[in-house]
Amino acid sequence: MTLDARTWTIAELAAEYDVTLRTIRFYEDRGLLTPERRGTVRVYHARDRVRLGLILRGKRLGFSLDEIATIVDMYDAEPGEEGQLVYLLDQITTRRAELEQRRRDIDETLKELAEVEHRCQSDLKSLRGK
12 MTLDARTWTI AELAAEYDVT LRTIRFYEDR GLLTPERRGT VRVYHARDRV
62 RLGLILRGKR LGFSLDEIAT IVDMYDAEPG EEGQLVYLLD QITTRRAELE
112 QRRRDIDETL KELAEVEHRC QSDLKSLRGK
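Numbered per our numbering, the sequence shown finishes at 141, counting up by one with no gaps.
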């Protein structure tokens, strides 16, 4: 059976990607996944499986669900893969700048904490007469 012909149940995808069934249903409710319905059973195709992987990767990288939706939806529509890649590169640049600013903020906060800690230790030492 080719990958395109293979299907997965919600439980199989949840196990493969180590997510809950609720997570997959949430992405379905948001329109990010569109499994086939066979009665009350959801049948996921290769497209859904790939999209789930992209969604989870996007979340790990810090993208919002709206940003992820834009990226994965572009693959299916014009301007297609090229437009998707250009948009993704722009989002990566933006995300990287945000993270680098956070790093600078964290470094500055750590420096300030170290200074306050040093002053507190000195003051405590003086109070104790040492």
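By construction, the Cβ of each residue, glycine as well, lies at the ideal position given by its N, Cα and C atoms.
Is residue i helix, strand or coil by DSSP?
i, result
"residue 139", "coil"
"residue 114", "helix"
"residue 48", "strand"
"residue 75", "coil"
"residue 130", "helix"
"residue 17", "coil"
Rounded to whole angstroms, how far is the Cβ of residue i from the Cβ of residue j, which I believe are closer than 8 angstroms?
i, j, result
"residue 43", "residue 21", "About 14 angstroms; that fails the 8 angstroms criterion."
"residue 78", "residue 102", "6 angstroms"
"residue 63", "residue 38", "7 angstroms"
Please report whether the beta-carbon of residue i lies at a distance below 9 angstroms from any beta-carbon of chain D.
i, result
"residue 137", "The chain labelled as chain D is not found in the depicted structure, where only one protein chain is given."
Give every residue of the same chain whose Cβ lies closer than 8 angstroms to the Cβ of residue i, excluding the five residues on either side of it in the sequence, and list them in chain order.
i, result
"residue 80", "41, 42 and 43"
Could you spell out where the beta strand (DSSP E) holding residue i opens and where it closes?
i, result
"residue 53", "52 to 54"
Counting along the chain, where does the alpha helix (DSSP H) carrying residue i start and finish?
i, result
"residue 71", "57 to 71"
"residue 37", "32 to 40"
"residue 43", "Run containing residue 43: none; DSSP gives neither H nor E here."
"residue 26", "21 to 28"
Using a Cβ-Cβ cutoff of less than 6 angstroms, which residues in the same chain neighbour residue i once the five nearest sequence positions on both sides are dropped?
i, result
"residue 99", "82"
Given 8 angstroms as the limit, is there contact between the region 102 to 112 and the region 125 to 133, that is, 3 or more CB pairs closer than that? no
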